[in-house]
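Per numbering that gives the first Met the number 0, the sequence shown starts with residue 0, numbered consecutively. Beta carbons are placed, not taken as given, at the ideal position from N, Cα and C, and that holds for glycine. Remarks on the structure that follows.
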Amino acid sequence: MHLPSLLKARFADALKAADYSITEEQIDTFAGLIRGAGNPKFGDYQSNCAMPLGKLLEGVNSREVATRLAELVDLTGLCETPEVAGGGFINLKLSDKFLEESVAALLKDEERLLVDVVEEAKTIVIDYSSPNVAKPMHVGHIRTTVIGHCLAKTLRFLGHRVITDNHLGDWGTQFGMIIYGYKHFGDPEAVRANPVPELATLYRFVHKLMGYHEAVGNRETLEAEIGRLTELHAAASREAEAAEGKDAKKKRKAADSLAKKVKATEDQLKGAREKIAAVEADTETLAKANAHPDIATSVLTETAKLHAGDEENLSLWREFLPFCKDEINRVYSRLKVSFDHTFGESFYHSMLSGVVEDLQERGMATESDGAICIFLDDFDAPMIIRKRDGAFLYATTDLATLRYRKNNFDPDEILYVVDTRQGEHFKKLFAVAEKIGLADMKLVHVNFGTVLDKDGRPIKTRSGTLIGLEGLLNDAVAAAHAVVCNPDRLKTFEPPMDEEEQRLVSETVGIAAIKFADLGHDRQSDYRFDLSKMVALQGKTATYAQYCFARCKSILRKNDVTEEDVVSRVERDGIRFTQPEERKLALSLIQFEEALREVYSDYGPNHLVDYVYRTAEDFSRFNNECHVLKAETEAIRTTRLALVVSTLRVVRHALDLL
Ligand code: ARG
Numbered sequence: 000m001h002l003p004s005l006l007k008a009r010f011a012d013a014l015k016a017a018d019y020s021i022t023e024e025q026i027d028t029f030a031g032l033i034r035g036a037g038n039p040k041f042g043d044y045q046s047n048c049a050m051p052l053g054k055l056l057e058g059v060n061s062r063e064v065a066t067r068l069a070e071l072v073d074l075t076g077l078c079e080t081p082e083v084a085g086g087g088f089i090n091l092k093l094s095d096k097f098l099e100e101s102v103a104a105l106l107k108d109e110e111r112l113l114v115d116v117v118e119e120a121k122t123i124v125i126d127y128s129s130p131n132v133a134k135p136m137h138v139g140h141i142r143t144t145v146i147g148h149c150l151a152k153t154l155r156f157l158g159h160r161v162i163t164d165n166h167l168g169d170w171g172t173q174f175g176m177i178i179y180g181y182k183h184f185g186d187p188e189a190v191r192a193n194p195v196p197e198l199a200t201l202y203r204f205v206h207k208l209m210g211y212h213e214a215v216g217n218r219e220t221l222e223a224e225i226g227r228l229t230e231l232h233a234a235a236s237r238e239a240e241a242a243e244g245k246d247a248k249k250k251r252k253a254a255d256s257l258a259k260k261v262k263a264t265e266d267q268l269k270g271a272r273e274k275i276a277a278v279e280a281d282t283e284t285l286a287k288a289n290a291h292p293d294i295a296t297s298v299l300t301e302t303a304k305l306h307a308g309d310e311e312n313l314s315l316w317r318e319f320l321p322f323c324k325d326e327i328n329r330v331y332s333r334l335k336v337s338f339d340h341t342f343g344e345s346f347y348h349s350m351l352s353g354v355v356e357d358l359q360e361r362g363m364a365t366e367s368d369g370a371i372c373i374f375l376d377d378f379d380a381p382m383i384i385r386k387r388d389g390a391f392l393y394a395t396t397d398l399a400t401l402r403y404r405k406n407n408f409d410p411d412e413i414l415y416v417v418d419t420r421q422g423e424h425f426k427k428l429f430a431v432a433e434k435i436g437l438a439d440m441k442l443v444h445v446n447f448g449t450v451l452d453k454d455g456r457p458i459k460t461r462s463g464t465l466i467g468l469e470g471l472l473n474d475a476v477a478a479a480h481a482v483v484c485n486p487d488r489l490k491t492f493e494p495p496m497d498e499e500e501q502r503l504v505s506e507t508v509g510i511a512a513i514k515f516a517d518l519g520h521d522r523q524s525d526y527r528f529d530l531s532k533m534v535a536l537q538g539k540t541a542t543y544a545q546y547c548f549a550r551c552k553s554i555l556r557k558n559d560v561t562e563e564d565v566v567s568r569v570e571r572d573g574i575r576f577t578q579p580e581e582r583k584l585a586l587s588l589i590q591f592e593e594a595l596r597e598v599y600s601d602y603g604p605n606h607l608v609d610y611v612y613r614t615a616e617d618f619s620r621f622n623n624e625c626h627v628l629k630a631e632t633e634a635i636r637t638t639r640l641a642l643v644v645s646t647l648r649v650v651r652h653a654l655d656l657l
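Shown next, in the form of structure tokens:
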């Protein structure tokens, strides 16, 4: 049940009956201007069509249009008599009878909870998580993983054909790094005995040495650059001081922008110095760094050898890849995330030369300076699909992937749930898709912002590398344990919770807290990672929603009824509200589909989180005002029990989708 659509249909009829000289299409647009009420005092929804319609009809007063439509619209069985307000708003209040009957229907529809299956099911591929394996998963991967999975579950529930694909980076430089690390610093026995941590250590070590040499190489340039920029800034500041009026403002701006550049370069230098210091702090590490001055090039060579089919590297890759997958699968199972496919970049390797040749033959890709490129009108630089040395790129793999998905799934939409910082890549990819005739599907970069620490910087650990994702999950579980299993709370449990139960509860609460907090933010903005807020019992948290759910269960227990009992009681007594809190909660419960459709409309799981929170709040108010066990009559008790069971089911289902 989608209330705005029900109301829209009624208004479309009214607009037809009003016989304004407007097209069918305009009728559809105007009828669709149904919004949630700005102020609940005036109703539940409002139609905002009279103002733009009045403007369009020239000379007709908007209020008159509103009054006419309010007279014509047939809202039988749905709303009370509409009221016109302000410059032409039509306020709509659903009738209690309609809400009561809807709750009864909701109770009978355990599976779909009144959420209709879409009329036109689309085939939608969702590309998410997609970490580069061989290095430990970091906190940045949490967002793509949980957003992607929530979208997949929600769109599927709405009735779309969803195909999920984890586009693993299982073929890139990071494998060159662990192969190089293994060959030069690895202990074969240790790796075989304890592959995951050993490979991670090798990865980190090679990363450290590469970072060191890069930093040493950059240090002087950065120092010189700071000197140059500082002088420029000083000169610009002097000029700004000397100038007057508008000119002074402009010059001040220029000086400020230079000051920012100085600061950014200083930060870069600071980072470089830290990398150098980290290696120099240990003589053995320093000796190794000095013994491997060309490590960066050598890593690329190992990667190139792997791609060229070198026996040794290929067999190491085959041996290591399953270990890397075990590592990420452990995280997925804790997050309860899964995929239909995990093709990964390696899957497309054999198709890459074919893709490039095909584009060359069709005249869409051309050689430039030895590289094969696709030139685009709206971009300064072309998309390079084969480098001079013959290597293929990330973009080449994405083109092959696009073609594969088109041929095998023929999707209507492909969603790429990837960090905002890859925006340029996707803009180009989509432009190329258009050019080469692969854009008859909707391609969307479902981008997301960065996770920040308390000070507003991208979250890092003390050692300067990103926190491993598993560490973060453990922290969340520990924080949840401190809250839900604190000794004072535990004392109140009869029978007491044993260790295993405490572990399970903390795991569930901790993981849900992280997911809920992540999904609750507008996906495009950055957010600060704050564990104590995430596991709090109050506020927009998973714990609050879980508490609502638990509360519903305990009310049923105290009333000694099952869900089925409540269904038959409703058949006997029907539903009738006696308190405003009952009505309010009922309205929220039947708005489930509205929230789910909003998630799809801008690929934003935050709408679902907001919905759960709103519903839990409405439940909490209901729970405070309306006693169930001590209800004045059996019929009142039935209505309240019906609301409790409905809340239980809707909140449970919504939490499952998150
Ligand atoms: N592996 C990439 C990374 O970690 C993300 C891949 C996203 N998907 C894609 N089709 N490009 O940056």
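By the criterion of a C-beta distance shorter than 6 Å, Phe492 is surrounded by no residue of its chain, once the five residues flanking it on both sides are discounted. In the three-state DSSP reduction, Pro494 falls in the coil class, being neither helix nor strand. Here Asn165 carries a coil assignment [DSSP, helix/strand/coil]. Of the residues Ile513, Glu318, Glu100 and Phe391, the one whose Cα lies closest to the Cα of Glu344 is Phe391. Taking a cut-off of 8 Å on C-beta distances, the segment 523-530 touches the segment 440-452, as three or more cross pairs fall below it. In this structure, the CA atom of Pro81 is about 18 Å from the CA atom of Leu586.
Proximity of the beta carbon of Ser505 to the ligand ARG is not indicated: no heavy atom of the ligand is located closer than 8 Å. In this structure, Asp27 has its beta carbon at no less than 8 Å from each heavy atom of the ligand ARG.
Relative to the ligand ARG, Pro130 has its C-beta within less than 8 Å of a heavy atom.
Three or more beta-carbon pairs drawn from the segment 380-388 and the segment 358-370 are found closer than 8 Å, and the two stretches are therefore classed as touching. In the displayed model, Gly86 falls within coil according to three-state DSSP, outside both helix and strand. Short note on His424: C-beta closer than 8 Å to some heavy atom of the ligand ARG. About 6 Å separates the Cβ atoms of Met136 and Ile327, confirming a contact at the 8 Å cut-off. Residue range Met382 to Arg385 is occupied by the beta strand (DSSP E) that includes Met382.
Relative to the non-hydrogen atoms of the ligand ARG, the Cβ of Val417 comes within a distance shorter than 8 Å of at least one. Cα atoms of Val83 and Gly35: separation of roughly 15 Å, rounded to the nearest angstrom. The C-alpha of Arg568 is placed about 44 Å away from the C-alpha of Gly85.
In the structure shown, Pro194 adopts helical secondary structure according to DSSP, grouped into three states.
When DSSP reads this structure, Pro457 sits in a beta bridge with Leu451. Around the CB of Thr646, 16 or more other CB atoms lie within 10 Å, so the residue is classed as buried. In the displayed model, Tyr415 falls within a strand according to three-state DSSP. The alpha-carbon of Val608 is positioned some 27 Å away from that of His166. Inclusion of Gln421 in the 8 Å shell around the ligand ARG follows from its C-beta lying nearer than that to a non-hydrogen atom of the ligand. The three-state reading of DSSP puts His626 in coil, since its state is none of H, G, I, E or B. Within the segment 332-369, the runs of alpha helix (DSSP H) that reach at least 4 residues and sit entirely inside it are, in chain order, 351-360. Not one heavy atom of the ligand ARG is found less than 8 Å from the C-beta of Asp293. Rounded to the nearest angstrom, the Cβ distance from Ala615 to Tyr543 is 6 Å, consistent with a contact under 8 Å.
The C-beta distance from Lys15 to Ile26 rounds to 6 Å, short enough to fall under 8 Å. Shown here, Asn446 sits in a strand according to DSSP, grouped into three states. In the DSSP annotation of this structure, the continuous segment of the beta strand (DSSP E) that includes Arg34 starts and ends at Ile33 to Gly35. With a 10 Å radius around the Cβ and a threshold of 16 neighbouring Cβ atoms, Leu536 comes out exposed. Rounded to the nearest angstrom, the Cβ distance from Lys539 to Gly519 is 6 Å, consistent with a contact under 8 Å. Annotation for Gly369 indicates a beta carbon at 8 Å or more from all heavy atoms of the ligand ARG. Residue burial is scored here from C-beta neighbours: Glu500 has fewer than 16 other C-beta atoms within 10 angstroms and is therefore classed as exposed.
Taking Leu584 as reference, the option from Asn558, Val598 and Arg620 with the minimal CA-CA separation is Arg620.
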